[in-house]
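Each remark here refers to the structure printed beneath this line.
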Amino acid sequence: MSHSKGEMLYEGKAKRLYRTDDPDLLIMEYKDDLTAFDATKRGTSLGKGAINNAVSALLMGRLNDMHVETSFLNLIDANHSLVRNVKIVPIEVIIRFEAHGSLCRRYGIEPGLVCDPPLYEICYKNDDLHDPFITDQIAVLMGLATYDELAKIKYMALTIGHTLREIYLGQGIKLLDFKLEFGRYQPAGESEARIILADEITPDTCRLVDAQTGEKLDKDLFRFDMGDLGEGYRKLLDKLQASAG
Ligand code: TMP
351 MSHSKGEMLY EGKAKRLYRT DDPDLLIMEY KDDLTAFDAT KRGTSLGKGA INNAVSALLM
411 GRLNDMHVET SFLNLIDANH SLVRNVKIVP IEVIIRFEAH GSLCRRYGIE PGLVCDPPLY
471 EICYKNDDLH DPFITDQIAV LMGLATYDEL AKIKYMALTI GHTLREIYLG QGIKLLDFKL
531 EFGRYQPAGE SEARIILADE ITPDTCRLVD AQTGEKLDKD LFRFDMGDLG EGYRKLLDKL
591 QASAG
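Read in order, the letters of the sequence shown correspond to residues 351 to 595 in this note's numbering.
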C-alpha cells in the first residue's frame with residue numbers, strides 16, 4: 351500500500367515528518383543537514399540523509415523481526431520511510447558501553463573506561479536547558495512518563511543495546527554509546543497507548559569505531575572536525591548491508 355506525503359507536521363534538525371492519508375502513519379524524511387552542540391554548529395553533507403534512512407531502516411527492521419516494536423514500517427525511497435505516528439516521550443535515553451563524550455566531561459572519567467554492565471542514563475529532551483541529566487523520580491515529578499513506562503523503556507533500551515552491539519561487532523565495528531527516543535503509540539481502535547522505539551538509530555545518534563583501526567564512523571567526525579563524514583557513514587552502511595546479505 352502506498353501513502354502520499356501530506357502536510358508537514360514537524361521539522362527537526364535532521365528530519366521532517368509528514369502526515370499521510372492514515373492518521374496512524376507518517377512519512378519521515380531524513381535531511382542532509384547536521385547540527386551539534388544544541389545546533390550552535392551547523393553543516394550539510396550531501397547524501398547523509400539517504401545513508402541515515404538506510405541505516406535506521408536496517409537496524410529497526412532487525413529489531414522488529416525480534417519483536418522489539420519500533421516505529422519503522424518500511425522504506426519508501428532514498429530519503430523517506432513510512433513510520434508509526436507516536437507521541438514522543440520527551441526523554442533521551444543513552445546507553446554506554448564505554449565512557450566517552452559528556453560522561454567524561456561531567457565526571458572527569460578517562461575516555462575508554464569500559465562500562466560493564468552497560469550504563470543507562472536518561473536526559474530531559476530540551477535544547478534550551480541543554481538536555482539535562484535526570485532521574486526516574488524527576489521524570490515522574492515533571493509528568494514526562496510513569497514509573498511503568500520508565501521500566502519498559504529501560505528494559506527495551508538495554509535489550510536494544512545488546513542487539514545493536516552484537517550486530518555491529520559481527521561487522522568489526524564497536525558500538526561505544528548511543529541515544530534512543532521512545533514514543534506512545536495508540537492506533538485507532540485501541541484503548542491504550544503502548545511504548546515503542548521511535549525516532550532513528552543512525553551514526554548521528556551513536557558512537558561507532560572500526561574495531562581494528564579505531565577509525566571513527568559517526569557524527570563526532572562533524573562535531574570535532576575529525577575527518578570526512580560522508581566517507582565514514584558510507585563505510586558503516588556498506589558493512590551493515592554486507593551483514594544483511
Ligand atoms: P554524549 O556523550 O554527548 O552525552 O552523547 C552520548 C550519545 O548520545 C552519543 O552516541 C551521541 C548521542 N547524542 C545524540 O544522539 N543527541 C544529542 O543531542 C547528544 C548530546 C548525544
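For each residue, glycine too, the CB sits at the ideal point set by N, CA and C.
Ser352: first and last residue of the uninterrupted alpha helix (DSSP H) it sits in: That residue, Ser352, is in no alpha helix (DSSP H); it is neither H nor E in DSSP.
Could you check where the alpha helix (DSSP H) with Ile503 kicks off and where it finishes? Tyr497 to Leu519
Under the criterion of a Cβ to heavy atom distance below 7 Å, does Lys391 qualify as lining the ligand TMP? no
From the DSSP secondary-structure annotation, give me the bridge partner or partners of Ser431. Met378 and Leu425
Is the CB-CB distance between Leu375 and Tyr368 below 8 Å? no
Please state the DSSP three-state secondary structure of Ala592. helix
Inter-residue spacing [alpha-carbon to alpha-carbon] between Asp486 and Gly582: 36 Å
The alpha helix (DSSP H) that contains Lys398, what's its start and end? Lys398 to Asp415
Name the two residues that bound the continuous beta strand (DSSP E) containing Leu367. Lys365 to Arg369
Contact set for Phe572: own chain, Cβ-Cβ below 7 Å, skip 5 residues either direction: Leu384, Ala386, Gly393 and Leu579
Indicate the three-state DSSP secondary structure (helix, strand or coil) for Phe532 in the structure shown. strand
Beta-carbon separation (whole angstroms), Glu419 vs Asp527, contact threshold 8 Å: Incorrect: roughly 23 Å between the Cβ atoms, too far for contact.
Does the region 413-433 come close enough to the region 458-466 that 3 or more CB-CB pairs lie under 8 Å? no
Looking at the structure shown, is Asp549 part of a helix, part of a strand, or coil, going by DSSP? Reduced to three states, the DSSP call for Asp549 is coil.
Bounding residues of the alpha helix (DSSP H) (the contiguous stretch that carries Ala386): It is not in any alpha helix (DSSP H) - Ala386 instead sits in the beta strand (DSSP E) that spans Asp383 to Ala386.
Comparing the CB of His450 with every heavy atom of the ligand MG, is any distance shorter than 7 Å? This structure lacks the ligand MG; its bound ligands are the ligand TMP.
On the premise that Asp554 lies in contact with Ala364, defined as a C-beta separation below 8 Å, what is that separation, rounded to the nearest angstrom? For a cut-off of 8 Å, the C-beta gap from Ala364 to Asp554 is around 6 Å, short enough to register as a contact.
Taking the alpha-carbon positions, what's the Gly356 to Pro373 distance? 11 Å
In chain order, what residues of the same chain lie with their CB nearer than 7 Å to the CB of Ala543, ignoring the 5 residues before and after it? Arg534, Tyr535 and Gln536
Looking at Leu409 and Leu514, is the spacing between their C-beta atoms short of 8 Å? A contact, by the Cβ cut-off of 8 Å.
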